[in-house]
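Asks: Residue numbers (numbering that gives the first Met the number 0), protein chains in the order written: chain A, 0 to 677; chain B, 0 to 325; chain C, 0 to 209.
Dumping the structure here so I can ask a few things about it.
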Amino acid sequence: MTETTDKNGDHRIGVYVCHCGSNIAGVVNVYETAKWAQEHLADQGVVVAKEYKFMCSSLGQKLIEEDIKNEKLDRVVVAACSPHLHEKTFRGAASRAGLNPYLVEMASVREQVSWVTSDNALATEKAKAMISGAVARVREHQPLDPIQVPINPSTLIVGGGIAGIQAALEIANSGFHVYIVEREPSIGGHMAQFDKTFPTLDCAACILTPRMSEVGMHPNIELLTWSEVENVEGYLGNYSVTVRKKARYVDTSLCTSCGICEQKCPRKVIDEKFNAGIGYRKAIYTPFEQAVPKYPVLDRDNCTYFEKGTCKACEKFCGPGAIKFDDQDEVVTLNVGNVILATGYDMFDARRIPRYGYGYLPNVFTSLEFERMCNAAGPTNGAIVMRDGKTPPKTVGIIHCVGSRDHKYNTYCSSICCMQSLKFAHLVKERTGADVFNFYIDMRTAAKDYDEFYQKVLEEGTNLIRGKVAEVTDGGLFDGLDGKLIIQVEDTLIGRQRRIPVDMVILAIALEPRHDATYVAHQFGISTDVHGWFTEKHPKLDPVATMTDGIFIAGCASGPKDIPASVSQGSAAAARVVSYIQQKELALEPVRASINAEQCSGCRICNGLCPFNAISFDAEKMLSEVNQALCQGCGTCVAACPAGAITGTGFTNQQILAQIEGLMCVPVHLEAAQPAVV
Amino acid sequence: MKYLFYPGCSLECISSAYYESLLALQNKLDVEFEEIEDWNCCGANEYIALHRIPSYALIARNLALAEQQVDGAKTLLAACSACYVNLARTAKYMGTDRELNTKVNDALSAGGLHYTAGTVQVRHILDALYKEIGICKIKKLVERPLTGLRVAAYYGCMVLRPDPDQRWRDPENPTALEELIAACGAEPVDFPLRTHCCSGHMPQISTEASLELLRRLVESAVKSGADLLITTCPLCQLNIDAYQDEMNKFFGTSYRMPILFFTQLMGLAFGLSPDALAIGREVVSSAPALARIGVKVEQIPPPVKRPPKNTSLPMPRMPKAYGEQL
Amino acid sequence: MAVSSPAPEEKVGPQSFGKASPPPGSPPSQTAVLDFFRSISPGLPNIEFCIQCGSCGGSCPAAALMDHTPRRLFALIRAGELEEVLRSNTPWYCVSCYFCMVRCPQEIHITDIMYGLKTLAVQRGYTRRNKATDLSRTFAGFIERFGRSFDLGIAANHYLRHPPSDLMGSAKMGSELLFKGRLKLTPNKIKGIPQLKKILKRAKQLEAVL
C-alpha cells in the first residue's frame with residue numbers, strides 16, 4: 000500500500016463513470032455501476048462514486064476537482080473512453096486540484112466494453128470488473144514528476160534539397176544555429192537538376208539559387224557538404240551526431256573557385272549523378288555552375304593521379320595551390336537538440352521494365368534525363384535532341400506511370416509525374432514544334448493552378464491517349480518506319496489497339512525512397528513504411544513529426560510530393576523545432592524503466608533488447624543503467640530481466656498484479672467459448 | 000540424372016523431330032528421361048474452353064501418375080510449352096486453391112487416383128537444361144561448333160509466361176536460348192519479336208488473323224539476318240513451318256525461313272548426325288541454311304508437284320492494316 | 000466483397016421505351032457473376048481491381064480482331080452487361096499468350112478469366128455456330144474417346160464442318176506433313192481410358208454453374 004490521506008490509513012478513492020452521451024450509457028448501466036462501486040468497493044477505499052453525462056467537459060472536470068478538494072481524495076478512477084483521448088484531460092483536472100496527475104487511472108469502458116458488445120448485462124458486468132481492477136491498481140500508484148530535459152538550440156538538417164534549405168532558413172532567421180549535412184558536393188538536391196517547374200514554368204535554378212546563396216552566406220548556417228552522417232546518439236534536446244566529411248582533395252580555405260582545375264583535367268567521365276548519365280564531367284568537378292559551396296571535389300576513383308601516380312594537372316594549374324592530394328576524411332561530432340531529415344528521393348530504374356526499351360533502344364529517355372536535356376546548362380544546352388546529340392525529334396511519346404501504380408514495381412502513385420509529363424509536352428511543343436503524345440491511365444492534376452496548366456497543354460494540341468502503354472518496339476510492321484519507335488497501346492477511350500510511330504520516348508519514372516532510406520531511418524531511430532518512405536507520426540494531423548521525439552521529417556523523404564508541399568513541410572518542421580528551442584526545457588513522460596542497482600547482477604540481457612538503445616553498462620560498477628530521457632517506457636527490459644531488477648514506473652508488477660486481482664474479483668458471465676479481453 | 004518426362008501429344012507425331020532429337024541428347028547430357036506410364040493428353044487450350052474442373056482433372060491425372068512413379072526423381076519435364084503451362088499451372092493451383100484441390104481430387108478418386116500438391120515439380124526442358132545442366136557443361140560437350148550460322152531464338156509465349164513457379168528472372172527479356180546458341184558456336188541475332196505469339200490454334204479458326212501474326216514473325220526474322228529460327232514449342236514450329244507456304248500465298252511474299260527445335264541445334268553442335276536428330280522433317284527445308292556451315296541434310300524428296308494451271312504472274316497482295324497510323 | 004444494389008439498375012434502350020416495367024428475363028445477379036469470377040482465382044486480385052488502364056488490350060496480339068478488348072470486356076462485366084459479354088468474340092480470339100496477365104499492374108489473372116468466360120458462354124448456350132468452340136468440342140471429343148489427341152481426325156472433322164478458306168492449300172499442307180511422317184493415320188488409345196472416363200464424369204458433376 001502506498002501513502003494515504005485518510006486518517007484511518009486507507010486511501011480515499013473517487014470513482015467517476017462517464018455516460019459519454021449514449022456511447023457508454025446506451026449499453027452499460029452507468030447508474031447501477033456507480034452505485035455498485037460505492038457499495039462493493041468501499042472496502043477498497045472508494046468513498047465517492049458518481050456518474051455524469053460527459054466527464055471530459057469542463058463541468059465534469061470541475062466535479063473531479065471539487066471532490067478532490069472537498070472529499071480529500073487521494074486517488075481518482077475515471078471510467079470513460081480510452082486514455083489515448085482524455086488521460087491528459089483528467090490528469091490536468093487532478094493537478095489543478097493539487098493532486099499529483101499520475102494518481103489518476105482510467106478504465107476504458109467505451110472502447111473495451113460498450114463499443115464491443117450490445118449485450119447490456121454482460122457490458123455492465125465487465126464495466127464493474129474493469130473499475131474494480133482500476134481501483135485495485137490505482138492504490139499502488141506513486142506520485143511521479145515529469146523529467147525535464149534541456150534543449151540544445153542547435154539543429155541538424157540532413158539533406159540540402161529545397162525542403163532542407165527552407166527549414167534551414169526558417170530556423171536560422173529565428174536566430175538559432177543550423178548545420179546542414181549534404182551527401183553531394185553541393186546543396187540544391189533534385190530541384191537543381193530541373194529546367195522549368197510546374198505549374199508556373201518558373202526556371203528551377205532561378206528560384207532555387209537565391210535561396211542557396213542565402214544559405215551559403217547565412218551567419219547561422221554551417222554547411223557540411225560532401226559529408227555523411229555516421230552515427231547518432233542521444234535523445235530529444237541532446238543529440239550527438241558523428242559526421243564524416245569526405246575528403247575533397249581541395250583546400251577550401253585557399254580555393255577561389257576559378258574553375259581552372261576542372262578545365263585542365265584530362266579525365267572525362269559520364270556524370271551519373273547530376274546529369275543523370277547523359278552528360279559528362281571531369282574527374283575534378285563542381286556539379287553545376289551555381290553550386291553552393293562552389294569548391295570543386297575530386298573523384299578519387301576516376302583520377303589519373305590516384306590510379307597511376309601521374310598527371311596532377313589540377314595542381315599544376317591551381318593558382319592559390321589549393322589542391323591537396325593528401326587530404327583525409329574528417330570526422331566531426333555535432334551536438335544538436337533536434338534533427339530534420341530532408342533526404343529526398345531516388346528515381347526508379349527503368350531497366351527493370353524491358354518492354355519499354357530503356358537501355359536497348361537509344362531514343363528512350365527517362366524523365367530525369369529529359370529534365371537535364373531541357374536545362375539550359377545541361378549537356379545539350381537546352382536543345383531537345385535524340386540520342387545522337389543533334390537531331391530534333393518530329394514526334395515524341397511521353398509515357399506516364401512507369402514503375403508507379405503497378406503491383407510488380409511500386410503500388411503507389413508518384414503524384415508529380417502527370418504534371419511533369421504535361422510540362423514536358425509543353426516544352427517539346429515550344430522548342431521543337433514536334434507532335435506530342437501523352438499516354439496516361441488517369442490524369443492527376445489536383446493542386447492549385449494544375450488543371451489550368453492541363454487546359455493550356457490541351458490548347459497546344461497535345462494528343463492525350465488514355466491507355467497504359469503495352470510496349471515500345473523498334474520493329475515496325477510497315478516499310479518506311481526504320482529508326483522509328485512504335486508505341487503499342489490500347490486507346491481505351493475508343494476501345495482499339497493503336498500502334499503509333501514516334502521518334503523519341505520519354506518515360507515518366509516513379510519516385511522511390513532513397514535506396515539507403517531504411518539504413519538512415521535505423522540510424523536515427525525512426526521507422527519507414529513498407530516501401531521505405533519515412534513514417535510520420537500521424538498521416539493527417541502530424542506529417543512532419545516522427546514517433547521519435549526530436550527527429551522531424553520534411554519533403555519527399557516521407558512520400559512523393561511537389562515543390563510547394565516540400566517547402567511547406569520544411570517550414571512546418573522548422574516551426575516545430577523552433578517551438579521546442581523556445582521552450583528551453585521540455586517535460587518528458589515519467590513512465591520509464593529504472594534498474595534497482597542492488598538487484599542487478601550485470602548479466603546485460605537487457606542491453607541488447609532495448610529498441611531505443613537506452614540501456615548502457617557501467618563496466619566499473621558492473622551494473623546496467625537506463626537513460627531516463629532515451630527510455631520510452633516500452634517495458635521490454637522489465638519483462639526480460641531474469642532477476643526482476645527492472646521496474647517500469649507507472650507499470651510496476653504490483654500495479655499490474657493488483658489490477659488483475661481486482662478484475663478477477665468480479666464475476667463476468669461469459670459463454671464457454673467467448674474469451675474475455677481487457 | 001533422372002527426370003520424369005511428359006511427352007505430350009505433339010511430340011508423338013507432328014513434332015516427332017522434337018521427341019527424337021531430345022532423346023538423342025540423353026546420352027550426351029548424361030540424363031535419363033523416364034516417361035509417365037500411360038499419360039493422357041493435357042487438353043492444350045481446347046479442353047479448358049469447355050469445362051474447368053474436368054480440364055484440371057484431366058491434367059491432374061498425369062500429375063497423379065507422376066506421383067506414383069516418383070522414386071527420387073521428383074522433377075517432371077515437359078517439352079511442349081502448352082503442356083508445360085498446363086501441368087505447371089495445375090500443380091500450382093492444386094496447392095493454392097483449396098476448393099480446386101478438393102474437387103479435382105474428388106474426381107481423381109473416381110478413377111482410384113490422388114494427387115498431393117507439391118509432390119511433383121514441373122519444369123520446361125529449356126529451363127532444366129539451362130539451369131540444372133548449365134551452359135558451361137553444354138559448351139564442353141560441343142564437338143562441332145556451328146560457326147557462321149546466324150540463328151534467331153524464338154521463345155514464343157508459354158515457356159516464359161505466366162511462369163507460375165517464377166523460373167525466369169525476366170520473362171520479357173530472356174537470354175537462355177541466345178546463350179545456348181552462342182554456346183553451340185553459332186551467332187544469335189537480335190530478333191525483336193522473339194517473345195511474341197505465333198497465333199496458337201488460330202490457323203484453324205481465323206486464317207487472316209494467324210497468317211498476319213506469322214508474317215510478322217517471319218519478316219522480323221528475315222530482317223534481323225537470321226539463317227534459321229529455333230524454338231521450344233511444337234505449335235510454334237508447326238505454324239511457322241507448315242503454314243509458311245499458305246502465308247506466302249496470302250501475302251504474295253516468298254519467305255523461306257526454316258525453323259528447327261533447339262534440341263536439334265544442340266544435337267548438331269554435339270556432333271550427332273542430322274538424321275539422328277530428324278532434321279529434314281521440316282516443311283521449309285533447313286538444308287540450304289545448314290549447307291552454309293557444311294552440314295548435309297538428307298532431303299526426303301517432296302511429292303511430285305502438278306504443274307500450275309495459270310501461267311500469268313500473280314499480283315502482289317497488300318497486307319491489311321491493323322490500326323497502324325502514320 | 001461487392002454488395003448487390005437493392006433495386007436493379009434501370010436499363011434504358013429501345014426495349015424499355017414506353018414501358019412501365021423492365022423487360023422480362025432474369026439474368027444472374029451481379030453478386031453471383033462476380034462470385035463466379037472470384038472462384039476462378041480465389042484469394043487473388045479480381046475484376047473489381049481493374050483500373051481500366053488498358054495494358055491488356057494494348058498487349059493483346061489479337062486485339063484488332065476482337066469486338067471488345069479484354070479491358071472493355073471487364074468494364075462491361077462490371078456494368079452488368081453479361082449478355083453482351085457472352086456474345087462477344089473476345090475470349091474465342093484469345094491465343095493464350097499470357098501477355099496481358101504478366102503485364103497487368105493489378106496482377107489480375109486475365110487469361111484464366113478468359114477461359115472462365117469461354118466455359119460460361121458454352122454453359123449458357125451462346126456458342127452454337129462458333130468456329131472456335133466447335134474446334135474445342137472436336138478436340139475434346141477425341142480426348143474423351145482416346146485419351147490422346149489425333150491431329151488428322153481433328154482436322155478432318157473440323158474442316159468438314161467449317162471448310163477452310165483455301166481448301167487446296169490445306170490439302171497440300173496435310174499431304175506434305177503426312178509424307179514427312181508427321182501425321183498419324185490412326186489414333187492412339189491409352190490403356191487407362193475407362194479410368195479417365197470415370198474421372199471426367201465425376202469432374203463434370205462438380206463443375207460450378209452460374
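The beta carbon of each residue, even a glycine, is placed where N, CA and C say it ideally should be.
What is the rounded straight-line gap between the Cα of Ile198(C) and the Cα of Thr101(B)?
Replies: Approximately 14 Å between the Cα atoms of the pair.
Asks: Could you check whether the segment 145–160 of chain B touches the segment 194–212 of chain B, counting it as contact only if at least three pairs of C-beta atoms, one from each stretch, sit closer than 8 Å?
Replies: Cβ pair count under 8 Å is three or more, so yes.
Asks: Quick one: Cα of His67(C) to Cα of Thr431(A), how far?
Replies: Going from the Cα of His67(C) to the Cα of Thr431(A) covers about 37 Å.
Asks: At the 7 Å Cβ level, is Ala349(A) part of the contact set with chain C, yes or no?
Replies: For Ala349(A), the answer is no, since every Cβ of chain C falls outside 7 Å of its Cβ.
Asks: I'd like to know whether the C-beta of Ala56(B) is nearer than 7 Å to at least one C-beta of chain C.
Replies: Output row for Ala56(B): interface = yes.
Asks: What residues from chain C crowd round Pro233(B), counting only those whose CB sits closer than 8 Å?
Replies: Within chain C, no residue comes near Pro233(B); the closest Cβ sits about 10 Å away, beyond 8 Å.
Asks: In terms of residues, what are the limits of the beta strand (DSSP E) holding Leu222(A)?
Replies: Where Leu222(A) is concerned, the enclosing beta strand (DSSP E) stretches over 220–224.
Asks: Which stretch, first to last residue, makes up the beta strand (DSSP E) that contains Val268(A)?
Replies: 267–269 is the extent of the beta strand (DSSP E) around Val268(A).
Asks: In whole angstroms, what separates the C-alpha of Ile204(B) from that of Val94(C)?
Replies: Rounded to the nearest angstrom, the two C-alpha atoms are 11 Å apart.
Asks: Along the beta strand (DSSP E) that carries Thr472(A), what are the first and last residues, could you check?
Replies: Note, Thr472(A): beta strand (DSSP E), 470–472.
Asks: Below 7 Å CB to CB, which residues in the same chain sit around Pro313(B) once its five sequence neighbours on both sides are set aside?
Replies: Any answer about Pro313(B) is weak, because its pLDDT of 46 lies below 50 and its placement is not dependable; what the coordinates show is given next. Once the five neighbours on either side are set aside, the close Cβ partners of Pro313(B) are Gly251.
Asks: Report back the beta-carbon spacing between Pro186(C) and Phe145(C) to the nearest angstrom; my notes put them in contact at under 8 Å.
Replies: That pair is a contact at about 5 Å.
Asks: Going by DSSP in three states, Gly524(A) sits in which element: helix, strand or coil?
Replies: In this structure, Gly524(A) counts as coil in the three-state DSSP scheme.
Asks: Kindly list the residues whose CB is nearer than 7 Å to the CB of Gly117(B), restricted to its own chain and excluding five residues on each side of it in sequence; keep chain order.
Replies: Once the five neighbours on either side are set aside, the close Cβ partners of Gly117(B) are Gly94.
Asks: State yes or no: is the C-beta of Tyr284(A) nearer than 6 Å to some heavy atom of the ligand ADP?
Replies: With respect to the ligand ADP, the structure offers nothing, as it holds no ligand at all.
Asks: Hey, out of Leu264(B), Thr262(B), Ala208(B), whose CA is closest to Ala61(C)'s CA?
Replies: With distances taken between Cα atoms, Ala61(C) lies closest to Ala208(B).
Asks: Sorted by chain position, which residues of the same chain lie with C-beta nearer than 6 Å to Lys304(B)'s C-beta, five sequence neighbours on each side aside?
Replies: For Lys304(B), the pLDDT reaches just 48, beneath the cut-off of 50, and the residue's location in the model is therefore unreliable, although a value from the coordinates is still provided. Cβ neighbours of Lys304(B) beyond the five flanking positions: none.
Asks: Using the three-state DSSP reduction, which class does Asn237(A) fall into: helix, strand or coil?
Replies: It is a strand residue.
Asks: Of all the options Gln68(B), Ala127(B), Pro161(B), which has the alpha carbon lying nearest to the alpha carbon of Ala81(B)?
Replies: Nearest of Gln68(B), Ala127(B), Pro161(B) to Ala81(B), Cα basis: Pro161(B).
Asks: Would Glu245(B) count as contacting chain A if we go by Cβ distances under 7 Å?
Replies: Not an interface residue.
Asks: Chain C partners of Ile13(B), CB-CB under 9 Å?
Replies: Within chain C, the residues near Ile13(B) are Asp150, Leu176, Arg181, Leu182, Lys183.
Asks: By DSSP, does Arg128(C) sit in helix, in strand, or in coil?
Replies: Looking at Arg128(C) - three-state DSSP - the assignment turns out to be coil, as it is neither helix nor strand.
Asks: Among Leu289(B), Tyr254(B), Ile239(B), Met256(B), which has the Cα closest to the Cα of Ser14(B)?
Replies: Answer by Cα proximity: Ile239(B).
Asks: Taking only the alpha-carbon atoms, compute the straight-line gap between Ser253(B) and Glu206(C) and give it to the nearest angstrom.
Replies: So the two alpha carbons sit approximately 49 Å from each other.
Asks: Which residues in the same chain have their Cβ closer than 6 Å to the Cβ of Ile508(A), if we skip the five residues on either side of it in sequence?
Replies: Cβ neighbours of Ile508(A) beyond the five flanking positions: Met346, Phe347, Ala349, Thr365, Ser366, Val401, Gly402.
Asks: Let me know if Glu670(A) comes out buried or exposed under the rule of 16 or more other beta-carbons within 10 Å of its beta-carbon.
Replies: By the 10 Å Cβ count, Glu670(A) comes out exposed.
Asks: Under 7 Å Cβ to Cβ from Pro301(B), same chain only, skipping five residues before and after it: list those, please.
Replies: Interpretation of Pro301(B) is limited by its pLDDT of 47, a score under 50 that renders its predicted location unreliable; no figure is taken from the coordinates.
Asks: Applying the criterion that 16 or more other CB atoms from any shown protein chain within 10 Å of the CB defines a buried residue, is Gln105(C) buried or exposed?
Replies: Buried is the call here.
Asks: So who's on the other strand from Pro144(B), going by DSSP bridges?
Replies: Its beta-bridge partners do not exist; DSSP assigns none.
Asks: Got a sec: is the Cβ-Cβ distance from Ala55(C) to anything in chain B below 7 Å?
Replies: According to the sequence provided, residue 55(C) is Cys. The question's Ala does not apply to it. No, because no Cβ of chain B sits closer than 7 Å to the Cβ of Cys55(C).
Asks: Going by C-alpha distance, which of Ile415(A), Ala128(A), Ser21(A) is nearest Glu511(A)?
Replies: The shortest Cα separation from Glu511(A) among Ile415(A), Ala128(A), Ser21(A) belongs to Ile415(A).
Asks: On the three-pair Cβ rule with 8 Å, is the segment 188–202 of chain A touching the segment 150–162 of chain A?
Replies: Short answer: they touch.
Asks: Listed in chain order, which residues of the segment 56–77 of chain C have Cβ atoms closer than 8 Å to some Cβ of chain A?
Replies: Result list: Gly56, Gly57, Ser58, Cys59, Ala62, Ala63, His67, Thr68, Arg70, Arg71.
Asks: Give a yes or no on whether the minimum CB-CB distance between Ile52(B) and chain C is below 7 Å.
Replies: It does; some Cβ of chain C falls within 7 Å.
Asks: Please check if any C-beta of chain A sits within less than 7 Å of the C-beta of Glu106(C).
Replies: Chain A contact via Cβ: present.
Asks: Taking the alpha carbon of Ala220(B) as the point to measure from, which residue in Leu212(B), Phe190(B), Thr206(B) has its own alpha carbon closest?
Replies: The residue with the shortest Cα to Cα distance from Ala220(B) is Phe190(B).
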